[in-house]
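Input: a single structure, listed below in structure tokens.
Residue numbers (the working numbering): -6 to 241.
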């Protein structure tokens, strides 16, 4: 893929941003980054392997000293509901038209953006709601890696706050490992060189996110309202553009 100098600069900024969100919140790097990436190149199969490589790399760094701060019992129980729809989503990703998937990503992102702007959270109140959110979140994660907020709604209810972020990192590592293995098995082109080239850039955001984690936790509502407004504008523009171009 050939990009202009300006596009490379914007890509670098986007990956700084995704690294910051991933460690600052513990989730949402793909959900908050993909809409911007798709404005530059509307091909999910180009961006998702790059995001996957980064997630595996940085989550490994974060977890190398924190494996004891993981709720392994609940993680094992939840994987039975998450993994099957995730695999279904991955195969949908490589078989469905790209324009459909891009519209799906923008639509999901707009839903999250509105929820955040209104300071509303996705709540889970009983076991069947939990399972529904885990199944749908797994499917969305399989197609686009943007299912984190749905699964976080469940994990946050069952896992102690001090164990939540690291448990989520283990979950993302497992899901992305499956996704990347499927990409390799299906001969999807993986831009290894681009991914490695962008790791130092994403590392800037990663370190900044680690330092800002406590601040974000104490100002979570304001952070999400600002991000929701920004995502709503970007995703709405992207959705309008692809619909006007008739790419269905």
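By construction, the Cβ of each residue, glycine as well, lies at the ideal position given by its N, Cα and C atoms. On a predicted model such as this, the values are computed, not experimentally measured, just so you know.
| Check | Outcome |
| --- | --- |
| Continuous alpha helix (DSSP H) stretch holding residue 63: start and end | No alpha helix (DSSP H) contains residue 63, which DSSP labels as neither H nor E. |
| Proximal residues to residue 84 (C-beta, below 6 Å), its chain only, five neighbours per side dropped | none |
| Rounded straight-line distance, which links the Cα of residue 78 to that of residue 112 | 29 Å |
| Close-in-space but distant-in-sequence residues of the same chain around residue 28 (CB under 8 Å, 5 per side omitted) | 98, 99, 102, 224, 227, 228, 231 |
| Endpoints, the alpha helix (DSSP H) within which residue 274 is located | This structure leaves residue 274 out entirely; the chain is present only between -6 and 241. |
| Contact the stretch 68 to 78 vs the stretch 153 to 168: 3+ CB pairs below 8 Å | yes |
| Sequence-distant residues of the same chain with beta carbon closer than 6 Å to residue 42, five excluded per side | 176, 183 |
| For residue 139, the first and last residue of its enclosing alpha helix (DSSP H) | Unbroken run through residue 139: none, as it is neither H nor E. |
| Whole-angstrom distance between residue 96 and residue 241, CA atom to CA atom | Confidence at residue 241 is low in this model, with a pLDDT of 48, below 50, so its placement is unreliable and the value that follows should be read with caution. Distance between the alpha carbons of residue 241 and residue 96: 9 Å. |
| Separation of residue 124 from residue 198, as counted between CA atoms | 33 Å |
| Euclidean distance between Cα positions of residue 211 and residue 18 | 11 Å |
| Residue 111 - DSSP class collapsed to helix/strand/coil | coil |
| Element boundaries [alpha helix (DSSP H), containing residue 5] | -2 to 18 |
| Minimum C-alpha distance to residue 47 - residue among 173, 146, 155, 1 | 173 |
| Buried/exposed call for residue 35, threshold 16 Cβ in 10 Å | buried |
| Residue 153 in three-state terms, based on DSSP | coil |
| Straight-line gap, residue 130 to residue 138 (C-alpha atoms, nearest Å) | 9 Å |
| Distance, residue 159 Cα to residue 14 Cα | 14 Å |
| Among -3, -2, 10, nearest to residue 202 - alpha-carbon criterion | 10 |
| Where residue 136 falls, given that 16 or more other Cβ within 10 Å makes a residue buried | buried |
| Straight-line Cα distance separating residue 7 from residue -3 | 15 Å |
| Candidates 0, 60, 5: closest to residue 33 by CA position | 0 |
| Spatial distance of residue 54 from residue 70 (CA atoms) | 25 Å |
| Proximity below 9 Å, CB of residue 56 to CB of residue 162 | yes |
| Alpha-carbon spacing of residue 146 relative to residue 221, whole angstroms | 17 Å |
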